[in-house]
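*Asks:*
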Amino acid sequence: MRKQEDRCIDSVIVLTVICTLSVLLLHHANYTLDFLSPARPFHLHKLLQRFAVGGFIFLSGFKLTKSKLKSSISEFVINRFSKIYGLYFLSVIIFSTTAYPYLNNENFPSIKNTLLHLVALQAILPDHFGNNFHTLWFVSVLLICYSAFLIFRAWLTDLSKFILWVSGFTLSISIIRIIFLQRGIYLFQYDLELWLLIFFAGMINADRNLSLEIKEYYLIFAKFAIIFGLSILLFLYNYSGDIPANIFRIIEIFGALIFLFPSYSLILRKHFIFHPYVIFILKYIAASSYCIFLLHRSIWTVLFYLFSDRTIVQSLFILGLGVPLICLISYLFQSSYTSLTKINTKR
Numbered sequence: 378m379r380k381q382e383d384r385c386i387d388s389v390i391v392l393t394v395i396c397t398l399s400v401l402l403l404h405h406a407n408y409t410l411d412f413l414s415p416a417r418p419f420h421l422h423k424l425l426q427r428f429a430v431g432g433f434i435f436l437s438g439f440k441l442t443k444s445k446l447k448s449s450i451s452e453f454v455i456n457r458f459s460k461i462y463g464l465y466f467l468s469v470i471i472f473s474t475t476a477y478p479y480l481n482n483e484n485f486p487s488i489k490n491t492l493l494h495l496v497a498l499q500a501i502l503p504d505h506f507g508n509n510f511h512t513l514w515f516v517s518v519l520l521i522c523y524s525a526f527l528i529f530r531a532w533l534t535d536l537s538k539f540i541l542w543v544s545g546f547t548l549s550i551s552i553i554r555i556i557f558l559q560r561g562i563y564l565f566q567y568d569l570e571l572w573l574l575i576f577f578a579g580m581i582n583a584d585r586n587l588s589l590e591i592k593e594y595y596l597i598f599a600k601f602a603i604i605f606g607l608s609i610l611l612f613l614y615n616y617s618g619d620i621p622a623n624i625f626r627i628i629e630i631f632g633a634l635i636f637l638f639p640s641y642s643l644i645l646r647k648h649f650i651f652h653p654y655v656i657f658i659l660k661y662i663a664a665s666s667y668c669i670f671l672l673h674r675s676i677w678t679v680l681f682y683l684f685s686d687r688t689i690v691q692s693l694f695i696l697g698l699g700v701p702l703i704c705l706i707s708y709l710f711q712s713s714y715t716s717l718t719k720i721n722t723k724r
């Protein structure tokens with residue numbers, strides 16, 4: 378019995394690792410031969426991108442509901458700020474001097490663009506002072522989700538009211554974007570509504586202890602779709618917005634949710650059994666996942682400058698050396714930062 382317990386692993390860790398490795402798989406083509414090229418005509422990489430990023434956001438809503446539902450606002454803000462911002466601040470500085478020039482024709486970001494990212498407002502003001510920093514926009518989205526968590530957690534016990542409130546919140550973002558876009562101002566990144574709905578789905582799953590059946594998922598999905606979809610179309614009809622483009626956006630958002638909503642829940646319900654060595658590696662990657670997300674492009678950029686000729690050998694060098702190096706450096710960053718914050722907390 379004891380041996381069986383030693384071979385079991387929390388499904389949250391497994392989903393975290395799947396999402397982490399998916400992000401690395403998706404981003405390798407910026408630095409090596411593109412091993413996903415056969416799948417790109419079918420846009421499978423876009424679905425995988427939704428799954429990978431959405432998985433982190435879903436788990437954030439899930440874990441916050443499990444651990445922070447009753448926390449005071451001040452306690453919550455201090456906890457979240459101390460946990461993520463220091464590493465994020467450092468990653469923005471590193472990214473601006475490594476990955477950003479590489480991805481933007483050797484141009485460094487402007488001071489305004491760097492400051493915008495340091496205060497994590499790029500999901501609200503996308504590409505306002507230059508191109509958004511690839512990948513790091515995720516943290517800006519996460520902070521918006523944290524704000525939504527504080528606002529709407531009180532309604533979570535009443536699912537109907539919760540769906541109504543969060544649908545209205547998400548809808549208001551779409552409407553504000555459309556109004557400002559008519560005036561030539563682009564607010565809120567393109568897929569922010571999708572990430573918010575995934576975050577709210579994580580909250581619902583945690584509150585219901587993963588007890589929702591598939592038909593219940595689609596009932597929740599239908600309520601989101603009716604409230605959000607019909608309302609935005611009614612607004613467009615009266616406001617004379619770009620109706621075809623926004624209909625496509627609605628279809629895209631809810632098409633992704635049909636796949637993503639049940640996928641995460643099914644993985645979290647699954648009981649995983651692995652060899653103890655595999656479990657050790659999975660826990661190691663999961664513990665480093667936030668830093669892997671923040672640092673992998675910068676580390677790969679440095680390796681690319683060392684070996685830039687895109688061949689099989691170069692790809693094996695960057696992936697074979699780069700992935701373990703990314704995991705190791707990320708683990709060292711994460712563990713050092715965690716130890717430092719614990720020391721400061723005790724003072």
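The numbering of the sequence shown is this note's numbering, which starts it at 378 and goes up by one.
Backbone N, C-alpha and C define an ideal beta-carbon position, used for all residues, glycine too.
Does the distance from the C-beta atom of residue 564 to that of residue 553 stay below 8 Å?
*Replies:* Here residue 564 refers to the residue found at position 187 when the sequence shown is read from its first residue. Here residue 553 refers to the residue found at position 176 when the sequence shown is read from its first residue. Going by C-beta atoms, residue 564 is nearer than 8 Å to residue 553.
*Asks:* Can you give me the Cβ contacts of residue 508 inside the same chain, cut-off strictly under 7 Å, excluding the 5 residues immediately before and after it?
*Replies:* Reading the sequence shown from its first residue, position 131 is the one you call residue 508. These residues qualify, in order along the chain: 481.
*Asks:* Please confirm if the region 461 to 477 is in contact with the region 657 to 674, defined as three or more CB-CB distances below 8 Å between the two stretches.
*Replies:* Judged by Cβ distances under 8 Å, the region 461 to 477 makes contact with the region 657 to 674, as three or more pairs qualify.
*Asks:* Can the beta-carbon of residue 547 be found less than 8 Å from the beta-carbon of residue 573?
*Replies:* Stepping through the sequence shown from its first residue, residue 547 is reached at position 170. Stepping through the sequence shown from its first residue, residue 573 is reached at position 196. Contact flag set, yes.
*Asks:* Applying the criterion that 16 or more other CB atoms from any shown protein chain within 10 Å of the CB defines a buried residue, is residue 686 buried or exposed?
*Replies:* By one-based count along the sequence shown, residue 686 stands at place 309. Residue 686 should be labelled exposed.
*Asks:* Touch check for the region 425 to 445 and the region 393 to 403: three-plus C-beta pairs under 8 Å?
*Replies:* Verdict: yes, contact present.
*Asks:* Going by beta-carbon coordinates alone, are residue 689 and residue 410 separated by less than 8 Å?
*Replies:* Sequence index remark: in the sequence shown, residue 689 carries index 312 (1-based). Sequence index remark: in the sequence shown, residue 410 carries index 33 (1-based). Yes, they are a contact pair.
*Asks:* Which residue from 584, 495, 698 puts its Cα closest to that of residue 446?
*Replies:* For this step, residue 446 is matched to residue 69 along the sequence shown. Out of 584, 495, 698, 584 has the C-alpha closest to the C-alpha of residue 446.
*Asks:* Opposite residue 386 in the DSSP bridges: which residues?
*Replies:* Sequence index remark: in the sequence shown, residue 386 carries index 9 (1-based). DSSP lists 649 as partners of residue 386.
*Asks:* Closest to residue 579 by C-alpha separation, out of 442, 539, 414, would be which residue?
*Replies:* Within the sequence shown, the letter at position 202 stands for residue 579. Ranking the options by Cα distance to residue 579, first place goes to 442.
*Asks:* DSSP state of residue 378, grouped into three classes?
*Replies:* Counted from its first residue, the sequence shown places residue 378 at position 1. Note on residue 378: pLDDT 48, under 50, position unreliable in the model; no value is reported.
*Asks:* Reducing DSSP to helix, strand and coil, say where residue 498 ends up.
*Replies:* In the sequence shown, residue 498 corresponds to position 121, counting from 1. Residue 498 falls in the coil class under three-state DSSP.
*Asks:* Just the C-alpha distance for residue 650 and residue 694, rounded to the nearest angstrom, thanks.
*Replies:* One-based indexing of the sequence shown puts residue 650 at position 273. One-based indexing of the sequence shown puts residue 694 at position 317. When rounded, the distance between both Cα atoms is 32 Å.
*Asks:* Skipping 5 residues on each side, what residues in its chain have a beta carbon closer than 8 Å to that of residue 378?
*Replies:* Start at 1 with the first residue of the sequence shown, and residue 378 comes out as number 1. Its pLDDT being 48, under 50, residue 378 is placed unreliably by the model, and the measurement read from it follows with that caveat. So the list is empty, once near-sequence residues are dropped.
*Asks:* Touch check for the region 413 to 420 and the region 493 to 503: three-plus C-beta pairs under 8 Å?
*Replies:* No, because fewer than three Cβ pairs between the region 413 to 420 and the region 493 to 503 fall closer than 8 Å, the two stretches do not touch.
*Asks:* Enumerated in chain order, which unbroken segments of the alpha helix (DSSP H) with a length of 4 residues or greater are wholly contained in the region 665 to 690?
*Replies:* As far as the region 665 to 690 is concerned, its whole alpha helix (DSSP H) runs of at least 4 residues are 666 to 683.
*Asks:* Using three-state DSSP, classify residue 413 as helix, strand or coil.
*Replies:* As a working mapping, residue 413 is identified with position 36 in the sequence shown. Reduced to three states, the DSSP call for residue 413 is coil.
*Asks:* Rounded to whole angstroms, what is the Cα-Cα separation between residue 683 and residue 699?
*Replies:* In the sequence shown, residue 683 corresponds to position 306, counting from 1. In the sequence shown, residue 699 corresponds to position 322, counting from 1. Rounded to the nearest angstrom, the two C-alpha atoms are 12 Å apart.
*Asks:* Taking C-beta to C-beta, are residue 457 and residue 523 nearer than 8 Å?
*Replies:* On the sequence shown, position 80 is the one that residue 457 refers to. On the sequence shown, position 146 is the one that residue 523 refers to. Their beta carbons are under 8 Å apart, which means residue 457 touches residue 523 by this criterion.
*Asks:* For residue 514, which option in 495, 463, 530 has the closest C-alpha, if you only look at C-alpha atoms?
*Replies:* The residue labelled residue 514 in the question sits at position 137 within the sequence shown. It is 495.
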